[in-house]
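In our numbering, the protein residues as written are 2 to 391. Input: a single structure, listed below in structure tokens.
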Ligand SMILES: *Cc1c(COP(=O)(O)O)cnc(C)c1O
């Protein structure tokens, strides 16, 4: 046996995530799992059928490095339809193995060892690990619950996070786990800071079509930002095919070329028969994209009303499929202990928000629920919480 630890030092602290633990607990106890973030219903049949057709038509070998031309065109058409972008599918669109690979390849392809990446805390869990694998350093600015029930940050704290070492801004809007949709004036400040410090923005927009209040504005749309912004999205969330792992990055050719250099040695390519299927999805009529948001909003309302009746202080999300609840009115426990006991106490699984925060003191009283589930499932979970705490 080796005397050296097996896990490389740059990955210390990124052991198994709480999601695996909570899902195991759900399976053991038969609790309703509102912990992990995935939908319980598959996406559109015509998209599924296109993947089946592609497999039988022989689309089963390596696809082109940047993705099939047709999918790159479909991404460009989608960005034009929703945001009025003009993208060249030749070198301004890159198909990736989910949003996750686009993120990892961005950190690896753009950062030198010791470069700093500014992100809002709490962060989606792959950011910290991806930044660490690239030898870069995460600098966080906390997003905290405000008196109006939304999440906000301190402008000066954000300004102080930028330095000559800052290489990237890592922004996620609509934001997982808080459900925050960044406002035009917040985006304006971020754009100014990126330009002032010559920083590249990486923007994770996987929840772009799940917005309930406010409007989702890509940072790349702001003046002077296209040339320094990489916009990332994925078929996982938009078409409810999280297992397909087809994502994409769009942005200026020189930046995408650096990302593609890293990407070609991560997976090279993936999901050949899923690529034409995702192109079918991206070309669905506006109705599909609108009803996705409308259906999610109804589910949000259903769950939040139940959480409110159960006695939690609910922070209603402006987007995404996650809702945050403050447990202080119903329990003196910290969020981790509360979530560990929740399957036994109420027959429901939720995730403590402390796992998303860098600063361990934060998220102590907040827990996250995923509402991308059937109405019956949400109603039953809500009623169980009301029975236990209401
Ligand atoms: C789900 C999710 C991802 C990962 O997307 P994949 O396409 O499955 O890799 C990235 N960012 C956020 C914020 C997510 O919620």
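Ideal placement from N, C-alpha and C gives every residue a C-beta, glycine not left out.
Just verifying my parser: in three-state terms, what is the DSSP assignment at residue 370?
Of the three classes helix, strand and coil, the one that applies to residue 370 here is strand, per DSSP.
Quick check: the Cα distance between residue 190 and residue 68, rounded to an integer number of angstroms?
Straight-line spacing of the CA atoms in residue 190 and residue 68 works out to 34 angstroms.
For the segment 280-293 against the segment 135-144, do three or more pairs of beta-carbon atoms, one drawn from each stretch, fall closer than 8 angstroms, so that the two count as touching?
Flag = no, the segment 280-293 and the segment 135-144 do not touch.
Decide yes or no for the touch test of the segment 35-53 against the segment 242-260: beta carbon pairs closer than 8 angstroms, at least 3 of them.
Yes, since at least three Cβ pairs between the segment 35-53 and the segment 242-260 fall closer than 8 angstroms, the two stretches touch.
So, residue 171 versus residue 119, is the Cβ gap smaller than 8 angstroms?
In this structure, residue 119 lies closer than 8 angstroms to residue 171 by Cβ.
Can you tell me which of 195, 74, 384, 336 puts its alpha carbon nearest to the alpha carbon of residue 117?
Residue 195 is the option with its Cα nearest to residue 117.
Using 8 angstroms for Cβ pairs, my map puts residue 273 next to residue 51. What's the rounded Cβ distance?
Not really, about 13 angstroms apart at Cβ, beyond 8 angstroms.
Look at residue 95 and residue 264 and say whether their C-beta atoms are less than 8 angstroms apart.
Yes. Within cutoff.
Beta-bridge pairing of residue 249 - partner residues as DSSP gives them:
Secondary-structure assignment with DSSP links residue 249 through a beta bridge to 96, 234.
On a Cα-Cα basis, can you pick out the residue from 332, 109, 146 that is closest to residue 129?
It is 109.
According to DSSP, is residue 203 helix, strand or coil?
Strand at residue 203.
Restricting to Cα atoms, I'd like to know which of 322, 152, 161 is closest to residue 1.
Look at the range of the chain in this structure, 2 to 391, and you will see that residue 1 is not part of it.
Quick check: residue 360 and residue 336, are their CB atoms within less than 8 angstroms of each other?
Cβ atoms of residue 360 and residue 336: not closer than 8 angstroms.
How would you call residue 183, buried or exposed, if buried means at least 16 neighbouring beta carbons within 10 angstroms?
Counting Cβ neighbours within 10 Å, residue 183 comes out buried, since at least 16 surround it.
Can you tell me which residues form a DSSP beta bridge with residue 119?
Looking at the DSSP output, residue 119 bridges to 140, 170.
Note down, in chain order, each residue of its chain lying with its Cβ closer than 7 angstroms to the Cβ of residue 87, except the 5 sequence neighbours on either side.
Excluding sequence neighbours, residue 87 sits near 81.
Quick check on residue 26: buried or exposed, where buried means 16 or more other Cβ atoms within 10 Å of its Cβ?
Buried, by the Cβ-count rule.
Starting from residue 325, trace the beta strand (DSSP E) both ways and give me its first and last residue.
According to the DSSP assignment, residue 325 belongs to the beta strand (DSSP E) that extends over 323-327.
Heavy atom of ligand 1 less than 7 angstroms from the Cβ of residue 34, yes or no?
Because no heavy atom of ligand 1 lies under 7 angstroms away, the Cβ of residue 34 does not count as near it: no.
Just checking residue 131 against ligand 1 - is the residue's beta carbon closer than 7 angstroms to any of the ligand's heavy atoms?
False, no ligand heavy atom lies under 7 angstroms from that Cβ.
What span of residues does the beta strand (DSSP E) with residue 314 cover, start to end?
That run of the beta strand (DSSP E) goes 314-316.
Quick one: grab the DSSP three-state call for residue 48.
Per DSSP, reduced to three states, the secondary structure at residue 48 is helical.
Would you say the beta carbon of residue 204 comes nearer than 7 angstroms to a heavy atom of ligand 1?
No, the beta carbon of residue 204 sits no closer than 7 angstroms to any heavy atom of ligand 1.
In whole angstroms, what separates the C-alpha of residue 250 from that of residue 102?
Taking the straight line joining both Cα atoms gives about 10 angstroms.
Does any heavy atom of ligand 1 sit closer than 7 angstroms to the C-beta of residue 235?
Yes, the Cβ of residue 235 comes within 7 angstroms of a heavy atom of ligand 1.
Can you tell me which of the three DSSP states residue 320 falls into?
Look at residue 320 here: in three-state DSSP terms it is strand.
What does a CB cutoff of less than 8 angstroms around residue 11 pick up in its chain, not counting 5 residues either side in sequence?
Closer than 8 angstroms at Cβ, skipping near neighbours: 133, 134, 136.
By Cβ distance below 8 angstroms, which residues in the same chain neighbour residue 303 in space, the five residues on each side in sequence not counted?
Here the set comprises 372, 376, 379, 380, 383.
Complete runs of the alpha helix (DSSP H) confined to the segment 260-307 [at least 4 residues]
Runs of the alpha helix (DSSP H) inside the segment 260-307: 275-283.
Which residue's Cα is closest to the Cα of residue 179: 387, 358, 307?
Closest option to residue 179, Cα to Cα, is 358.
Residues of its chain near residue 331, where Cβ-Cβ distance is below 8 angstroms and the 5 sequence neighbours each way are ignored:
Taken in chain order, the residues that qualify are 311, 312, 313, 390.
Would you check if the distance between the CB atom of residue 193 and the CB atom of residue 232 is smaller than 8 angstroms?
Taking a C-beta distance under 8 angstroms as the contact criterion, residue 193 and residue 232 do not qualify as a contact pair.
Out of curiosity, what's the CA-to-CA distance linking residue 98 and residue 268?
Residue 98 and residue 268 have their C-alpha atoms spaced approximately 7 angstroms apart.
Alpha carbon of residue 152 to alpha carbon of residue 221, nearest angstrom:
Take the alpha-carbon of residue 152 and the one of residue 221: they are about 22 angstroms apart.
Report whether the distance from the Cβ of residue 243 to the nearest heavy atom of ligand 1 is below 7 angstroms.
Yes, since a heavy atom of ligand 1 falls inside the 7 angstroms radius drawn around the Cβ of residue 243.
Residue 295 and residue 305 - do their beta-carbons sit closer together than 8 angstroms?
No, the pair does not count as a contact, with Cβ atoms beyond the cut-off.
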